[in-house]
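Participant:
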Amino acid sequence: MSDFNIGDEVYLRDRAIGKPLKIKGDIVGILSADRYAVFMRNGFNEGKIMEYDYQQLFSVDSDEETV
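This is the structure:
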């Protein structure tokens, strides 16, 4: 489980254990211990609030490079 908070910037992962893509969003809600509501800033779902599992998200503050 990850410790994302409301307002955190995140990248979407290409797979559950894959590298982060350049698709960025903001955490706008915590749905359960491992599910988050994310406002998408770019990509196909830009402007929508989508539900994602913590494994599909990657913190913008992390050191790993995006693809």
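Read in order, the letters of the sequence shown are residues 31 to 97 in this note's numbering. Where a beta carbon is used, it is the ideal one built from N, C-alpha and C, also for glycine.
Given that a residue counts as buried once 16 or more other Cβ atoms are within 10 Å of its Cβ, and exposed if not, what is F74?
Facilitator: Burial call: exposed.
Participant: Since L87 sits in a beta bridge, which residues does DSSP pair it with?
Facilitator: DSSP output for L87 lists L42 as bridge partner(s).
Participant: Counting along the chain, where does the beta strand (DSSP E) carrying G77 start and finish?
Facilitator: Neither: G77 is in no beta strand (DSSP E) and is coded neither H nor E.
Participant: Which residues does DSSP pair with R65 in a beta bridge?
Facilitator: Paired residues: D83.
Participant: Closest by CA to M80, which one among K49, R45, K54 and P50?
Facilitator: When each option's Cα is compared against that of M80, the closest is K54.
Participant: Spell out the partners DSSP gives G59 in its beta bridges.
Facilitator: In the DSSP output, where bridge partners are listed per residue, G59 has A67.
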